[in-house]
Amino acid sequence: MERTEQLDHGQAAYEDPLEVPAIACGAMAESKPYVALPQHQEPLGFPGELVENWQEKAILKLGDLVKNNRALRVYLDACVRCGACTDKCHYFMGTGDPKNMPVARQNLMRKVYRRYFTLAGKVTPWLVGAEDLTREVLDEWYSYFHQCSQCRRCSAYCPFGIDTAEISMAAREIMDSIGMGQKYSNEIIAKVHKVGNNLGLPPKALKNTLEGLEEEIEEETGVPVKLPLDKEGAELLLVTPSADFFASPHMEGLIGYAKVLHESGISWTFSSHASEAGNFGMFIGSYENMQTISKRVAKAARDLKVKRLMFGECGHAWRVAYNFLNTIAGPFDFLDPRYPVPQHICEFTYDLIQKGKLRLDKSKNDHIRLTFHDSCNVARASRMGDTPGGQFEIPRAILRASCNHYYDMDPATIREGTVCCGGGGGLLTDELMDLRVKGAAPRMKALKEVAGEHGVTHMAAICAICKAQFSKVLPKYGFDMESIVSVHQMVSNAIVLTGSTQEEEWNKKAGQAPQGQGAQV
Amino acid sequence: MYAVQTTIYAVIFYAVTVLFAGGLLLRIVQYARTPAPLKVPSTPAPVTRAGAAFRVLREVVVFESLYKSNKWIWLFGIAFHGALVLVLFRHVRYFVQHVPLPVELAQPFGIYAGFAMVGALLALWTRRVVIARVRYISDAFDHLILLLLILIGASGLAMKFLVRTDIVAVKGFFLGLMSFDIQPLPADPILLAHLAFVALLMAVFPFSKMLHAPGIFFSPSRNQADNPRERRYAPARAAAAKA
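In the order they appear, the protein sequences are chains D and F. Here the numbering used here is used: the first residue of the first sequence is 17, the next is one more, and so on. Here the numbering used here is used: the first residue of the second sequence is 135, the next is one more, and so on.
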């Protein structure tokens, strides 16, 4: 007994989540996603297949990007190969392939940049590792720039802030421009342009889904919570990743949003025109596609005459919404200036909790011992609330208000240093499963540790991709696929709606124990 | 008539000064003029511009991110850069007629710093060779630039402790260069080697990874304030796309 105790709390009992592997050259050289077909390429304005003069066009495109993106230019110039980033990428930690070290991934582009755009690379390529853009190099680009989830962990640890995400986005944009796009992302983007969401879910199907959810909530709570679609004149437009409409545990989170919004009394709506928060335009580095998708949101907000704009739980989506939306689809001067544009559902819920306007029965989550996975793009590419780091505190505050048993994972793997789920940035496709499983290794090790030390049973996430990725990957590491939950799923379990069946129980409990556990008011 | 080394070194130093200053200036102008189309600060980030400037300052002075990243690289890196600053400061005496008091006071520290600099460089090079990951990412240039810096430091120290040179004449040469009145340069081999290495470093600076020096000030992930909701970020490209 005592021995087990010791083992459970001893360091040796668990693998270090951030363990650095020995390098294994070429370990992931065969990994690549399906190449886009003409029908995936053309709707996005890209050539259908690899163009004849691809080399010349790619170099021109690279020159164009370098000229128009300060980040790319500075990052290609400034790296000193200090090695600080070499052990920071979850794909390197999971695979040992040295080309998954951020600097080595960047060097795939840097060597071409040097060859064609720098004096040293033109005159003495051997000295600075400059190389011609050959077919082999292009294939390597395709493979390794699709082994980056654009999570920015390397950037956080780089002395110059060099962000591999910027470089992999640029590489994907160049490859798209010569007809060598990625099927998964481009097929999805075409669906958004055509139908309004990543799933290609038409308005009618969406309406049916939402009605089904309304019935489900009413059955559970006795309260007619509405999930309105295209309700003109609503106060607030909620844009959420379309996975929230059908996948699990996404949908449970969506139910949570609906309950919170209902309880707040605000009039709100979804839009069928902008029924997608995710913006895969960023994954492929395409400003134009990203902008077209974002403008659907602006148009929906105008057409529905809403006053506020809010986004659901999604990581890269929140980056685009928080950081880019105002620039590429703004200004949003037609919205109520008293509220941030856009607002995150977590900010909204947190605010209600702070004001004592939500009643949360924590005991409803007593079967759950919870931890929280900081989604990479929420953590390192956005903010919530008024102060830096609000993106870490606000979701945790919501979770702590919703359950009695909350424990953080290894501090080196959360918050600013969070390790990616392994499926972000356009990699959430079945043919990359091997990469996804390996890339999740650091997070899975950290989860095992907290599960062993604190008996944690569930992990909450705040991103549609994280949730989908973990439900696939958790079983490979011996966890139940349902141990991944939405943040608002926890809220949904705990919330006591006015007039609900749960309210009677809550009142009874409050009567018995005036300082009842979980009371927020 | 000057000795041949005087003429050669005068020409070299005029040339590399133009190359160094001109090349660097061009790069800085280029960085400044390249648009930053989107807000990309790595968060958590300061929410004001002053805060962002202070963040860059911390990166430049104490290598904040590197400290979080890797304590050894941080230690060797900050030792080298700190020592270099002291050594350069000490060298100010060779370029001004009347040595200011702070430079005077810094003389002994500048000499210790010379040893620290070479030691840190050797440590960095050892890392580059011994650690497989870092060896893998190193170009020939990454090794050679360390060699060059070590040669500069070692030849400098050699002049101080092994074979002293006529430092008054060296000072005369550089003051002369600065007022376009060429004075003779001593023909000591170590001095000439030291100066040649420095000239080479100056020449490659604006064309190599030494651009990390100006680059860090232009890194959008560090120098942007995190305020996209409070203040609409609308650089030229967004405006153009709208029109």
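We put the beta carbon where it would ideally sit given N, CA and C, even for glycine. These figures come from a predicted structure and were not determined experimentally.
Problem - Nearest-angstrom Cβ-Cβ length linking D/V82 and D/L92, presumed shorter than 8 Å - result: Against the first sequence, residue 82 of chain D aligns to sequence position 66. Against the first sequence, residue 92 of chain D aligns to sequence position 76. About 7 Å separates the Cβ atoms of D/V82 and D/L92, confirming a contact at the 8 Å cut-off.
Exercise for the section: Would you mind telling me which residues of chain F sit closer than 7 Å to D/V357, beta carbon to beta carbon, in chain order? Expected result: Counting from one through the first sequence, the residue named residue 357 of chain D turns up at place 341. What D/V357 touches in chain F: R363.
Problem - Bridge partner(s) assigned by DSSP for D/Q518 - result: Residue mapping note: residue 518 of chain D aligns to position 502 of the first sequence, counting from 1. None; D/Q518 has no bridge partner.
Practice task
For the segment 261 to 320 of chain D, list the alpha helix (DSSP H) runs that are entirely contained and at least 4 residues long, ordered along the chain.
Solution key: 266 to 280, 296 to 299 and 303 to 319
Handout entry: Beta-carbon separation (whole angstroms), D/C167 vs F/S199, contact threshold 8 Å
Key = Start at 1 with the first residue of the first sequence, and residue 167 of chain D comes out as number 151. Start at 1 with the first residue of the second sequence, and residue 199 of chain F comes out as number 65. About 16 Å separates the two Cβ atoms, so there is no contact after all.
Practice task
Run the CB neighbour count on D/W142, radius 10 Å, all protein chains shown included, and call it buried at 16 or more, exposed below.
Solution key: The residue given as residue 142 of chain D occupies position 126 in the first sequence. That one is exposed.
Exercise for the section: Could you say which of D/K488, D/V507, D/Q505 and D/V466 lies nearest to D/P33 if we only look at CA atoms? Expected result: Residue 33 of chain D sits at position 17 when you count from the first residue of the first sequence. The shortest Cα separation from D/P33 among D/K488, D/V507, D/Q505 and D/V466 belongs to D/V466.
Handout entry: Beta carbon of D/M400 nearer than 8 Å to that of D/I410
Key = The count along the first sequence starts at 1 and reaches residue 400 of chain D at position 384. The count along the first sequence starts at 1 and reaches residue 410 of chain D at position 394. The answer is yes: Cβ separation under 8 Å.
Exercise for the section: Determine, using beta carbons only, whether D/P358 and D/F408 come nearer to each other than 8 Å. Expected result: As a working mapping, residue 358 of chain D is identified with position 342 in the first sequence. As a working mapping, residue 408 of chain D is identified with position 392 in the first sequence. No.
Practice task
Please go through the segment 310 to 340 of chain F and give each complete alpha helix (DSSP H) segment of 4 or more residues, from N-terminal end onward.
Solution key: 323 to 338, all fully within the segment 310 to 340 of chain F.
Problem - Presumed contact (8 Å Cβ cut-off) between D/G433 and D/S165, rounded CB distance - result: The residue given as residue 433 of chain D occupies position 417 in the first sequence. The residue given as residue 165 of chain D occupies position 149 in the first sequence. Cβ-Cβ separation between D/G433 and D/S165: approximately 15 Å, too far for a contact (criterion under 8 Å).
Handout entry: Where the segment 395 to 415 of chain D meets chain C: residues whose CB sits under 9 Å from a CB there
Key = Absent here is chain C; the protein component of the structure consists of chains D and F.
Problem - C-beta neighbour in chain F for D/T445, strict 8 Å - result: Position 429 of the first sequence, counting from 1, holds the residue named residue 445 of chain D. No - not a single Cβ of chain F is within 8 Å of the one on D/T445.
Exercise for the section: Please go through the same chain and pick out, in chain order, the residues whose beta-carbon is closer than 6 Å to the beta-carbon of D/K524, but skip the five residues on each side of it. Expected result: By 1-based counting over the first sequence, the position of residue 524 of chain D is 508. Cβ neighbours of D/K524 beyond the five flanking positions: none.
Handout entry: Burial state of D/R151 (16 or more Cβ within 10 Å)
Key = Against the first sequence, residue 151 of chain D aligns to sequence position 135. That one is exposed.
Exercise for the section: Starting from D/H474, trace the beta strand (DSSP E) both ways and give me its first and last residue. Expected result: In the first sequence, counting from the first residue as 1, residue 474 of chain D sits at position 458. H474 to A477 is the extent of the beta strand (DSSP E) around D/H474.
Handout entry: Enclosing alpha helix (DSSP H) for D/T387 [first to last residue]
Key = Within the first sequence, the letter at position 371 stands for residue 387 of chain D. First-last for D/T387: L386 to F388, but that is the beta strand (DSSP E), not the alpha helix (DSSP H).
Handout entry: Contact list for F/R261 against chain D, beta-carbon separation under 8 Å
Key = For the purposes of this step, residue 261 of chain F is taken as the residue at position 127 of the second sequence. Under the 8 Å cutoff, chain D gives G99.
Problem - 8 Å Cβ cutoff, D/M185 in contact with chain F - result: Here residue 185 of chain D corresponds to residue number 169 of the first sequence, with the count starting at 1. By this cut-off, D/M185 is not an interface position.
Exercise for the section: Just the C-alpha distance for D/Y493 and D/A477, rounded to the nearest angstrom, thanks. Expected result: Indexing the first sequence from 1 puts residue 493 of chain D at position 477. Indexing the first sequence from 1 puts residue 477 of chain D at position 461. Whole-angstrom Cα-Cα distance: 17 Å.
Practice task
Confirm, please, whether the CB-CB distance from F/L282 to F/F214 is below 8 Å.
Solution key: The sequence position of residue 214 of chain F within the second sequence is 80, counting from 1. The sequence position of residue 282 of chain F within the second sequence is 148, counting from 1. No, the pair does not count as a contact, with Cβ atoms beyond the cut-off.
Handout entry: Contacts that F/K173 makes with chain D (C-beta to C-beta distance below 8 Å)
Key = The count along the second sequence starts at 1 and reaches residue 173 of chain F at position 39. Neighbours of F/K173 in chain D, taken as residues whose beta carbon is under 8 Å from its own, are N339, F340 and T343 in chain order.
Handout entry: Start and end residues, beta strand (DSSP E) containing D/S502
Key = The residue you call residue 502 of chain D lines up with position 486 of the first sequence. Element bounds for D/S502: I500 to S502.
Practice task
Compare the beta carbon distance of D/K199 and D/H56 with 8 Å and say whether it is the shorter of the two.
Solution key: The residue you call residue 199 of chain D lines up with position 183 of the first sequence. The residue you call residue 56 of chain D lines up with position 40 of the first sequence. Contact flag set, yes.
Exercise for the section: Check whether the Cβ atoms of D/S398 and D/Y338 sit closer than 8 Å, and answer yes or no. Expected result: Counting from one through the first sequence, the residue named residue 398 of chain D turns up at place 382. Counting from one through the first sequence, the residue named residue 338 of chain D turns up at place 322. Going by C-beta atoms, D/S398 is nearer than 8 Å to D/Y338.
Problem - 8 Å Cβ cutoff met for D/I233 and D/K275 - result: Numbered from 1 along the first sequence, position 217 holds the residue referred to as residue 233 of chain D. Numbered from 1 along the first sequence, position 259 holds the residue referred to as residue 275 of chain D. Yes. Within cutoff.
Exercise for the section: Check whether the segment 64 to 80 of chain D touches the segment 245 to 260 of chain F, counting contact only when three or more Cβ pairs, one atom from each stretch, lie closer than 8 Å. Expected result: no
Problem - Limits of the alpha helix (DSSP H) - the one that D/M497 falls within - result: As a position in the first sequence, residue 497 of chain D is number 481, starting the count at 1. Unbroken run through D/M497: none, as it is neither H nor E.
Exercise for the section: Taking a Cβ distance cut-off of 8 Å, strictly less, list which residues of the segment 103 to 115 of chain D are near chain F, in chain order. Expected result: D103, K104 and P114
Practice task
May I ask you to list the residues that DSSP assigns as paired with D/I511?
Solution key: Taking the first residue of the first sequence as position 1, residue 511 of chain D is located at position 495. D/L376.
Problem - the segment 44 to 60 of chain D contacting the segment 442 to 460 of chain D, beta-carbon criterion three pairs below 8 Å - result: yes
Problem - Three-state class that DSSP yields for F/F214 in the structure shown - result: Your numbering for residue 214 of chain F matches position 80 in the second sequence. When secondary structure is reduced to three states using DSSP, F/F214 falls in the helix class.
Handout entry: Simplified DSSP assignment, three categories, for D/L327
Key = The residue labelled residue 327 of chain D in the question sits at position 311 within the first sequence. Here residue 327 of chain D turns out to be Phe, not Leu, going by the sequence shown. Per DSSP, reduced to three states, the secondary structure at D/F327 is strand.
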